[in-house]
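What follows is a set of notes on a single structure, which appears directly below.
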Amino acid sequence: MLAGIDVPDTITVTSGAFQDGGTIPVKYAGEGVGDNQSPALRWSGVPQGTEALVLIIEDDDVPLPRPLMHTIAILEPQRDHIDEDALVAPSTDFRFIKTLLGHGYSGPRPIPGHGCHHYRFHLFALNNPVPGTIKTKSRLLQAIRQYATARGTLTGVYQRP
Numbered sequence: 004m005l006a007g008i009d010v011p012d013t014i015t016v017t018s019g020a021f022q023d024g025g026t027i028p029v030k031y032a033g034e035g036v037g038d039n040q041s042p043a044l045r046w047s048g049v050p051q052g053t054e055a056l057v058l059i060i061e062d063d064d065v066p067l068p069r070p071l072m073h074t075i076a077i078l079e080p081q082r083d084h085i086d087e088d089a090l091v092a093p094s095t096d097f098r099f100i101k102t103l104l105g106h107g108y109s110g111p112r113p114i115p116g117h118g119c120h121h122y123r124f125h126l127f128a129l130n131n132p133v134p135g136t137i138k139t140k141s142r143l144l145q146a147i148r149q150y151a152t153a154r155g156t157l158t159g160v161y162q163r164p
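With the numbering used here applied, the sequence shown covers 4 to 164.
Written out as structure tokens, the structure is:
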């Protein structure tokens with residue numbers, strides 16, 4: 004779903020909690036598995052003129068026809084990081100779009116014994132603000148396709164025995 008958004012991959016997204024391709028610590032796993040705390044994230048390389056940032060966290064390995072979006076947050080363009088455990092709804096710092104899992108951060112919680120799941124933390128830079136009238140995932144994805152100028156991705160893996 005997000006792989007088809009063809010913009011330059013010029014934003015670098017990092018976390019002090021895990022390396023790109025590394026294991027996500029259990030404290031960031033979802034309710035009933037871990038503490039459901041969002042990891043601290045930092046990024047660089049956002050193009051000048053960016054009017055909005057959109058963070059989407061998805062599970063690529065869920066046994067569904069397409070990846071499952073865990074978290075969707077709209078961020079102010081001047082932001083260059085998110086502190087640990089900050090993606091909590093309701094928030095005055097972020098505008099969340101509801102996913103199947105609700106509002107705010109929903110950490111990794113793969114099916115037990117299903118193997119290693121890849122969680123992608125996608126950050127998109129948009130050259131247009133996201134109107135407050137956009138309240139659904141499908142409308143936001145349309146805006147991303149129309150206004151995205153750059154992206155970056157951090158991948159973490161998580162597995163339940």
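Every residue, glycine too, gets a C-beta built ideally from N, C-alpha and C. These figures come from a predicted structure and were not determined experimentally.
Assigned secondary structure, residue i (DSSP; H/G/I helix, E/B strand, else coil)
| i | result |
| --- | --- |
| A146 | helix |
| S47 | strand |
| V133 | coil |
| V29 | helix |
Host beta strand (DSSP E) of residue i (start-end)
| i | result |
| --- | --- |
| Y122 | H120 to L129 |
| Y161 | A151 to Y161 |
| E179 | For residue 179 there is no data in the structure shown, the boundaries of the chain being 4 and 164. |
| V16 | T15 to T17 |
| L5 | Where L5 is concerned, there is no enclosing beta strand (DSSP E), given that its DSSP letter is neither H nor E. |
| L71 | L71 to L78 |
Exposure of residue i, with buried meaning 16 or more beta-carbon neighbours within 10 Å
| i | result |
| --- | --- |
| H106 | buried |
| V29 | exposed |
| L67 | exposed |
| P93 | exposed |
| L103 | exposed |
| S41 | buried |
| R82 | exposed |
| H117 | exposed |
| G52 | exposed |
Nearest-angstrom Cβ-Cβ length linking residue i and residue j, presumed shorter than 8 Å
| i | j | result |
| --- | --- | --- |
| I147 | I8 | 6 Å |
| T13 | W46 | Contact doesn't hold; Cβ gap of about 11 Å is too wide. |
| A43 | G19 | 6 Å |
| L126 | L56 | 6 Å |
Would you call the stretch 120-129 and the stretch 81-101 in contact, with 3 or more CB pairs under 8 Å?
No: fewer than three Cβ pairs fall under 8 Å.
Should the stretch 52-69 be regarded as contacting the stretch 31-40, the criterion being three or more beta carbon pairs within less than 8 Å?
The answer is no - the stretch 31-40 does not touch the stretch 52-69, with fewer than three Cβ pairs under 8 Å.
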